[in-house]
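Heads up: the structure comes next, in structure tokens.
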Amino acid sequence: YNEYGQLGLGHQENVLEPTPVQALSGLNIVGMACGQTHSLVLLEDGRVLGFGDNQFGQLAIPPLPEGALPNPTLSVRFPDIDNSGTFPDPTDELYLSPTLLSAPPRGKVTQVACGDFHSIFVTSDAPGDSAE
Numbered sequence: 307y308n309e310y311g312q313l314g315l316g317h318q319e320n321v322l323e324p325t326p327v328q329a330l331s332g333l334n335i336v337g338m339a340c341g342q343t344h345s346l347v348l349l350e351d352g353r354v355l356g357f358g359d360n361q362f363g364q365l366a367i368p369p370l371p372e373g374a375l376p377n378p379t380l381s382v383r384f385p386d387i388d389n390s391g392t393f394p395d396p397t398d399e400l401y402l403s404p405t406l407l408s409a410p411p412r413g414k415v416t417q418v419a420c421g422d423f424h425s426i427f428v429t430s431d432a433p434g435d436s437a438e
């Protein structure tokens, strides 16, 4: 099943046998989680990649309200895997290939989890952070 691109293969065709995700080749993966229609991959350095459905913002890419047009002055920078920098289109609801997701404001992501329509990032406190 791959109707929403949740396999990260760059397409929406059903795949009935194990298939490598070429876009993840050579990356140091330490964790993965799968929801109903989206998936997350945690890299050793704390970056998180996501693919599949983002209709409810489950890929941490805020969806735009219905009928709204993207405002480039309000865009958040989402660098791609090699850090060259791209801007995912917030009008897209499907991300068919691994996309680097926005990092939480504090700490390094150490675990990821998915539910049907949500994702959770667990972070460690960044050095020097305090609860002041």
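In terms of this note's numbering, the sequence shown is residues 307 to 438. The C-beta atom is built at its ideal place from N, Cα and C for all residues, glycine as well.
With a CB to CB cut of under 7 Å and the five nearest residues on each side skipped, what residues in its chain are close to residue i?
i      : result
LEU402 : GLY311, GLY316, HIS317, GLN318, PHE357
GLN364 : GLY341, HIS344, PHE423, HIS424, SER425
VAL321 : ASN308, LEU313, LEU315
SER430 : GLY413, LYS414, THR416
From the DSSP output, which residues share a beta bridge with residue i?
i      : result
SER430 : LYS414
ILE335 : LEU349
LEU406 : LEU355
TYR310 : Looking at the DSSP assignment, TYR310 forms no beta bridge with any residue, so it has no partner.
HIS344 : GLY358
LEU400 : ASP359
ALA366 : Answer by DSSP bridge pairing: none, since ALA366 is not bridged.
ALA419 : ILE426
Please classify residue i as buried or exposed, where buried requires at least 16 neighbouring CB atoms within 10 angstroms.
i      : result
SER381 : Note on SER381: pLDDT 37, under 50, position unreliable in the model; no value is reported.
PHE416 : At residue 416 the sequence reads Thr, which differs from the Phe that was named. Exposed: under 16 other Cβ atoms inside 10 Å.
ILE367 : buried
THR325 : exposed
PRO411 : exposed
PHE393 : Unreliable placement is indicated for PHE393, whose pLDDT of 47 sits below 50; no coordinate value is reported for it.
One question on the structure: do residue i and residue j come within less than 8 Å of each other, judged by their Cβ atoms?
i      : j      : result
GLY337 : LEU330 : no
VAL354 : VAL428 : no
Between residue i and the rest of its own chain, which residues show a CB-CB distance below 8 Å, the 5 nearest in sequence each way excluded?
i      : result
SER345 : GLN312, LEU313, GLY314, MET338, ALA339, GLY356, PHE357, GLY358, CYS420
ASN334 : LEU349, GLU350, ASP351
VAL327 : LEU313, GLY314, LEU315, PRO404
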